[in-house]
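*Asks:*
Numbering (mature numbering (1 follows the signal peptide of the UniProt record, and there is no 0)), first residue to last: -22 to -1, 1 to 427.
#1: Any idea which residues DSSP pairs residue 146 with across the strands?
#2: For residue 136 and residue 299, I'd like the C-alpha separation in whole angstroms.
#3: Please return the same chain residues whose Cβ sits closer than 6 Å to the Cβ of residue 235, not counting the five positions on each side in sequence.
#4: Return the CA-CA distance between residue 407 and residue 72, expressed in angstroms with no decimal places.
#5: Looking only at C-alpha atoms, which of 168, 264, 124 sits nearest to residue 419?
#6: Cα separation between residue 23 and residue 219?
#7: Assuming contact is defined by CB atoms lying nearer than 8 Å, are residue 182 and residue 193 in contact in what I supplied?
#8: To the nearest angstrom, report how far apart residue 174 and residue 227 are at their CA atoms.
#9: Suppose you measure from the CA of residue 258 to the CA of residue 244; what does that come to, to the nearest Å?
#10: What are the complete beta strand (DSSP E) segments, minimum 3 residues, inside the region 169 to 239?
#11: For residue 53, count neighbouring Cβ atoms within 10 angstroms of its own Cβ and tell me buried if that reaches 16, exposed if not.
#12: Classify residue 399 as helix, strand or coil using the three-state DSSP reduction.
#13: Does residue 110 pass the burial test, meaning 16 or more other C-beta atoms within 10 Å, or should it be called exposed?
#14: Restricting to Cα atoms, I'd like to know which of 36, 266, 295 is closest to residue 97.
#15: So, are the CB atoms of residue 289 and residue 313 less than 8 Å apart?
#16: Applying the 10 Å Cβ sphere with the 16-neighbour rule, what's the burial state of residue 18?
#17: Skipping 5 residues on each side, what residues in its chain have a beta carbon closer than 7 Å to that of residue 163?
#18: Could you give the C-beta distance for residue 146 and residue 138, rounded to a whole number, given that I count them as a contact under 8 Å?
#19: Identify the continuous alpha helix (DSSP H) that holds residue 306 and give its terminal residues.
#20: Can you tell me whether DSSP reads residue 331 as helix, strand or coil?
#21: Would you mind sorting residue 402 into buried or exposed? The rule is 16 or more other CB atoms within 10 Å of its CB.
#22: Can you check which of these residues, 172, 417, 198, 365, is closest to residue 307 by C-alpha distance?
#23: Kindly indicate which three-state DSSP category residue 61 falls into: helix, strand or coil?
#24: State buried or exposed for residue 277, treating a residue as buried only when at least 16 other CB atoms are found within 10 Å of its CB.
#25: Quick one: measure Cβ to Cβ for residue 169 and residue 195, integer angstroms, because I've assumed they're closer than 8 Å.
#26: Give every residue of the same chain whose Cβ lies closer than 7 Å to the Cβ of residue -2, excluding the five residues on either side of it in the sequence, and list them in chain order.
Put into structure tokens, the structure is as follows:
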């Protein structure tokens, strides 16, 4: 389930704007220069309307803090009015206030993990530790597969846009497997995509154990990162209610080019979680997201690995098909280099990786291989000694991507400092085993290129 990149105003955004406009300033009663300026400027009026809507939602959600909210709003209005007819000044004040109110709204409605969530996290940790005794490479995958939700689900796709097949919209006809009652609730709810444009699919599944199926909306938006966004809607009586009132929101997203992310829908202690995985070299992080809530503090599992790395004798040429064998001395030198890789994030060396000559390109050429493309992860810079020559090396991988057949696939890139010969790369493979399984509570942190 994956997306990123927002290009076209969606039905969701348009609906939000319509609601906001209804909550905006009554321009027939504009009484001063500021109010007249806001009413005369479409973008300012929209900002004012959005702020009014967010303020009202926050006021309803934070009863104990209403007096303080009123006080800070009065102070903001006083500061705003000093802008008079300055559109740029007004716009800046509105944007800053909107950002602050949205942050307060999120904090007011954020789900607070309870004892049951901590027990679920502890259960998952024990399952992974137990599985690692027999399968140190895929203990996490085995544990998550055993916990997969088993409630009845039905999926269906959006209808293709007549003018653009890369865009879909909510179906107009009742899909197979959707009950008449569910269809009435869906059509009454103005279901929108999880991103502004893209290919959308839908899944009805009970996510909170109340016996009614909720809605998972999955929109593939593509873009440079091949992103997919996922949002949820809770069944509430005769309607479905979106998890967040924000017009552009998602429970999570996945990035297929520039990260290694995925999700497993699992059940622990009678609760359903979106087990959101974010991987990198040497670590998998699992975030147990409450699928129908605003998640800020999240139960988190970190699984750390150590790799046995090896540069194979048989290497592939650039065409990907033909092969060649490494000479014994070169093979030995490359394996000696990767054996010393420190399995931590890439950190620039404080010492030159190769001896700096008295003349040449300068010392900056000797401390690091250089930056990596966003679609790959640079694990470490390292020196590689081949005969009497020293090369600057970089071990790169695809954010810890791992398969049963090949294990970790990585590459060792080499370049000669102070040389225009370019770089060359060699394939590296690795088998992993778990070294640590730890738990924590915190915000979702993503490692992306």
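By construction, the Cβ of each residue, glycine as well, lies at the ideal position given by its N, Cα and C atoms.
*Replies:* Taking the structure as given:
#1: Taking the first residue of the chain shown as position 1, residue 146 is located at position 168. 138, per the DSSP bridge assignment.
#2: Against the chain shown, residue 136 aligns to sequence position 158. Against the chain shown, residue 299 aligns to sequence position 321. Spanning the two alpha carbons is a distance of roughly 40 Å.
#3: If you number the chain shown from 1, residue 235 lands on position 257. Here the set comprises 203, 204, 353.
#4: Position 429 of the chain shown, counting from 1, holds the residue named residue 407. Position 94 of the chain shown, counting from 1, holds the residue named residue 72. Their Cα atoms are separated by approximately 53 Å.
#5: The residue given as residue 419 occupies position 441 in the chain shown. Closest option to residue 419, Cα to Cα, is 264.
#6: Taking the chain shown and counting its residues from 1, the one referred to as residue 23 is at position 45. Taking the chain shown and counting its residues from 1, the one referred to as residue 219 is at position 241. The straight-line gap from Cα to Cα measures roughly 27 Å.
#7: For the purposes of this step, residue 182 is taken as the residue at position 204 of the chain shown. For the purposes of this step, residue 193 is taken as the residue at position 215 of the chain shown. Contact flag set, yes.
#8: Mapped onto the chain shown, residue 174 falls at position 196. Mapped onto the chain shown, residue 227 falls at position 249. If you take the alpha carbons of residue 174 and residue 227, they lie about 10 Å apart.
#9: Working through the chain shown from its first residue, we reach residue 258 at position 280. Working through the chain shown from its first residue, we reach residue 244 at position 266. Spanning the two alpha carbons is a distance of roughly 22 Å.
#10: 177 to 183, 192 to 200, 205 to 214, 217 to 220, 230 to 233
#11: For the purposes of this step, residue 53 is identified with residue 75 of the chain shown, where counting begins at 1. Result: exposed.
#12: Counting from one through the chain shown, the residue named residue 399 turns up at place 421. Coil, per DSSP.
#13: As a working note, residue 110 is residue 132 in the chain shown. By the neighbour-count rule (16 or more Cβ atoms within 10 Å), residue 110 is buried.
#14: Reading the chain shown from its first residue, position 119 is the one you call residue 97. For the residues 36, 266, 295, the minimum Cα distance to residue 97 belongs to 266.
#15: Within the chain shown, numbered from 1, the residue matching residue 289 stands at position 311. Within the chain shown, numbered from 1, the residue matching residue 313 stands at position 335. Yes, the pair counts as a contact, with Cβ atoms nearer than the cut-off.
#16: For the purposes of this step, residue 18 is taken as the residue at position 40 of the chain shown. Exposed, by the Cβ-count rule.
#17: Taking the first residue of the chain shown as 1, we reach residue 163 at position 185. Only 213, 216, 217, 218 meet the Cβ criterion.
#18: Residue 146 sits at position 168 when you count from the first residue of the chain shown. Residue 138 sits at position 160 when you count from the first residue of the chain shown. 6 Å between Cβ atoms; contact.
#19: What you label residue 306 is simply residue 328 of the chain shown in a count that begins at 1. From DSSP, the alpha helix (DSSP H) with residue 306 extends over 306 to 316.
#20: Along the chain shown, read from residue 1 onward, the residue named residue 331 stands at position 353. Three-state DSSP puts residue 331 in coil, outside helix and strand.
#21: Start at 1 with the first residue of the chain shown, and residue 402 comes out as number 424. The residue in question, residue 402, is exposed, as its Cβ has fewer than 16 Cβ neighbours within 10 Å.
#22: In the chain shown, the residue the question calls residue 307 occupies position 329. Minimum Cα distance to residue 307 is reached at 365.
#23: Reading the chain shown from its first residue, position 83 is the one you call residue 61. Of the three classes helix, strand and coil, the one that applies to residue 61 here is coil, per DSSP.
#24: Here the question's residue 277 lines up with position 299 in the chain shown. Its Cβ being crowded by 16 or more others within 10 Å, residue 277 is buried.
#25: Locating residue 169 in the chain shown gives position 191, counting from the first residue. Locating residue 195 in the chain shown gives position 217, counting from the first residue. Indeed they touch by this definition, with Cβ atoms about 7 Å apart.
#26: By 1-based counting over the chain shown, the position of residue -2 is 21. Because the pLDDT at residue -2 is just 40, under 50, the model does not fix this residue reliably, and the point stays unresolved.
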